[in-house]
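Q: Below is one structure. I have some questions about it.
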Amino acid sequence: MKAKILAKSEEVIWDEFVNNHPLGGIQQSSAWARFQGVMKGRGQYWIIALTDEKTGGPKKDAKALKIIGGTVVIRHKMPKGYSWFYGSRGPLLDYENLTEKEINHQVSSLLEEISKLSKLEHSIFVRFDPPIIAKTSKHTSLLFKNFRKIKEGFYPQDTLVLDLEKSEEKLLSEMKPKGRYNIKLAEKKGVTIEKYTANDDTPSNKKELNKAIDDFYELLGDTTTRDGFTRHPKEVYTAMVENLPQQAILYLAKFENTPVAGMIAVTHKDTATYYYGASSNEYRNTMAPYLLQWHAITEAKKDGFKWYDFMGISPENDQKHKLSGVTDFKNKFGGKRLTYINPQEHAFKKLLYLAYRLKSMVK
9 MKAKILAKSE
19 EVIWDEFVNN
29 HPLGGIQQSS
39 AWARFQGVMK
49 GRGQYWIIAL
59 TDEKTGGPKK
69 DAKALKIIGG
79 TVVIRHKMPK
89 GYSWFYGSRG
99 PLLDYENLTE
109 KEINHQVSSL
119 LEEISKLSKL
129 EHSIFVRFDP
139 PIIAKTSKHT
149 SLLFKNFRKI
159 KEGFYPQDTL
169 VLDLEKSEEK
179 LLSEMKPKGR
189 YNIKLAEKKG
199 VTIEKYTAND
209 DTPSNKKELN
219 KAIDDFYELL
229 GDTTTRDGFT
239 RHPKEVYTAM
249 VENLPQQAIL
259 YLAKFENTPV
269 AGMIAVTHKD
279 TATYYYGASS
289 NEYRNTMAPY
299 LLQWHAITEA
309 KKDGFKWYDF
319 MGISPENDQK
329 HKLSGVTDFK
339 NKFGGKRLTY
349 INPQEHAFKK
359 LLYLAYRLKS
369 MVK
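In the working numbering, the protein residues as written are 9 to 371.
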């Protein structure tokens, strides 16, 4: 077994590995890495793979490369020329068939390569949030050697998923009554849903897409003011939709031709994920977000996806959590809760890492 940084020509082999891995999410795909790589404040990514030396084949033969594990690593810039590394929903290993000792051996091999990069990029630490669901894995309490658990990272540990293999009637019956009522109310009020993607590069589509992103960003302003969230710069949402033309979908709900709610969903393998959402303060009585979600759910179902992931909810029985409000909304659609194990960090520069933790330079 050997850890190596993959060349661009080898990314297709990595994507095959991710697609065949039961825990391989979009955050570990090369498409997602490239999207992250164009964002301001990041601008660099690496895919570090564990290869089977016995079946690896000739060095220049990408098709012969046998990958048995690995992770995407994104650089995040910090003040004074420093950075930190992020392996979102990684690393991807054969967790269920490996012992904890074997897992740590593989993580150590990955960390050796990441440490070399850390010297070049002045990285203070690396963070992983392993794609392990608590209570369903034998590694529920897994802590990588020389890592420390943190309370929370970029992604909420808890999420809500819907089984799209159920009929629409079954999904509706399992919703909270208020959820069903609000969907019907939005329909009665005449709310309509429009869909936008970047998979058509004609000038007219680009113009419509840019206008839709502008509308969505304006709605985000209402949402962040109302709910206390922080919105990203508009370039983030633009980059997401434009750089993920096959995966990212922007939906807008309109009332009398006025955008009143919006969302960005991403699709990967068998799952559609609700990534970002926004709604108007002025038109809240239209209940547009409910019809918007239901439209995205039914579209994902028609397109053959098996799961709809609501992306993040508050921890169980925590009404004071910052996501408690949006959790109430998402819970009206039914579904089941999944909880990931804690994110973990390894420090390359221990004193600076301690300062980062004390001053909360980034979340």
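The beta carbon of each residue, even a glycine, is placed where N, CA and C say it ideally should be.
(1) Given 8 Å as the limit, is there contact between the region 311–330 and the region 276–285, that is, 3 or more CB pairs closer than that?
(2) Using three-state DSSP, classify residue 37 as helix, strand or coil.
(3) Beta-carbon separation of residue 248 and residue 261 under 8 Å?
(4) On the premise that residue 356 lies in contact with residue 212, defined as a C-beta separation below 8 Å, what is that separation, rounded to the nearest angstrom?
(5) In the DSSP assignment, find the unbroken beta strand (DSSP E) run with residue 271 in it and report its ends.
(6) On a Cα-Cα basis, can you pick out the residue from 346, 306 and 366 that is closest to residue 172?
(7) Scan the region 150–224 and note each continuous beta strand (DSSP E) run of 3 residues or more that stays entirely inside, going in chain order.
(8) Using the three-state DSSP reduction, which class does residue 355 fall into: helix, strand or coil?
(9) Within 8 Å, do at least three Cβ pairs link the region 82–95 to the region 41–54?
(10) Three Cβ pairs or more, each shorter than 8 Å: is that satisfied between the region 237–252 and the region 119–139?
(11) How would you label residue 129, buried or exposed, when you count the other beta carbons within 10 angstroms and need 16 or more for buried?
(12) Check residue 258 in the structure and name its three-state DSSP category.
(13) Please give me, in chain order, every unbroken run of the beta strand (DSSP E) with length at least 3 that falls completely inside the region 270–337.
(14) Let's test the definition: count the other Cβ atoms within 10 Å of the Cβ of residue 310 and tell me whether it reaches 16, buried, or not, exposed.
(15) Please work out which residues of its chain come closer than 6 Å, Cβ to Cβ, to residue 202, disregarding the five sequence neighbours upstream and downstream, and give them in chain order.
(16) Classify residue 84 as helix, strand or coil using the three-state DSSP reduction.
(17) My assumption, with CB atoms under 8 Å, is that residue 56 sits in contact with residue 78. Please give the rounded CB distance.
(18) Count the other C-beta atoms from every protein chain shown that fall within 10 angstroms of the C-beta of residue 116, then say buried if there are 16 or more, exposed otherwise.
(19) Give me whichever residues DSSP pairs with residue 142 in a beta bridge.
(20) Measure the CB-CB distance between residue 83 and residue 36 and report whether it falls below 8 Å.
(21) Within the same chain, show all residues whose beta-carbon is closer than 6 Å to that of residue 60, passing over the 5 residues directly before and after it, in chain order.
(22) If I'm right that residue 191 touches residue 298 with Cβ under 8 Å, what's the distance once you round it to whole angstroms?
(23) Mind checking residue 288: buried by the 16 CB within 10 Å criterion, or exposed?
(24) Just curious, the alpha helix (DSSP H) that residue 378 is in, first and last residue?
(25) If you count every other CB in all the chains shown that lies within 10 Å of the CB of residue 185, and 16 or more means buried, which is it?
A: According to the structure shown:
(1) Under the 8 Å Cβ criterion, the region 311–330 counts as touching the region 276–285, having at least three qualifying pairs.
(2) The answer is coil: DSSP assigns residue 37 none of H, G, I, E or B.
(3) In this structure, residue 261 does not lie closer than 8 Å to residue 248 by Cβ.
(4) About 49 Å separates the beta carbon of residue 212 from that of residue 356, a gap too long to meet the 8 Å contact definition.
(5) For residue 271, the uninterrupted beta strand (DSSP E) run begins and ends at 266–276, by DSSP.
(6) Per the Cα distances, 306.
(7) Annotation note: the region 150–224 contains the following uninterrupted beta strand (DSSP E) runs of length 3 or greater, listed N- to C-terminal: 166–171 and 200–204.
(8) Residue state, collapsed to three classes: strand.
(9) A contact between stretches requires three or more CB pairs, one per stretch, nearer than 8 Å, and the region 41–54 meets this requirement with the region 82–95.
(10) Touching, no, given that fewer than three Cβ pairs across the two stretches are closer than 8 Å.
(11) Within 10 angstroms of the beta-carbon of residue 129 lie 16 or more other beta-carbons, which makes it buried.
(12) The three-state reading of DSSP puts residue 258 in strand, counting E and B together.
(13) For the region 270–337, whole beta strand (DSSP E) runs of length 3 or above, ordered along the chain, are 279–287 and 315–317.
(14) Of the residues assessed, residue 310 falls on the exposed side of the cut-off, its CB having fewer than 16 other CB atoms within 10 angstroms.
(15) 260.
(16) Shown here, residue 84 sits in a strand according to DSSP, grouped into three states.
(17) Indeed, because the Cβ distance is near 6 Å, the residues count as touching under 8 Å.
(18) Residue 116 should be labelled exposed.
(19) Listed as beta-bridge partners of residue 142 by DSSP are no residues whatsoever.
(20) Residue 83 is not a Cβ neighbour of residue 36, given a cutoff of 8 Å.
(21) Counting only residues of its own chain and dropping the five nearest sequence neighbours on each side, residue 60 has a CB closer than 6 Å to the CB of 74 and 76.
(22) Between the beta-carbon of residue 191 and that of residue 298 there is about 5 Å, and that keeps the pair under the 8 Å contact cut.
(23) Burial check for residue 288: the Cβ neighbour count within 10 Å reaches 16 or more, so the residue is buried.
(24) In the structure displayed, the chain extends from 9 to 371; residue 378 sits before or after that span and is not available.
(25) Exposed, since its Cβ has fewer than 16 Cβ neighbours within 10 Å.
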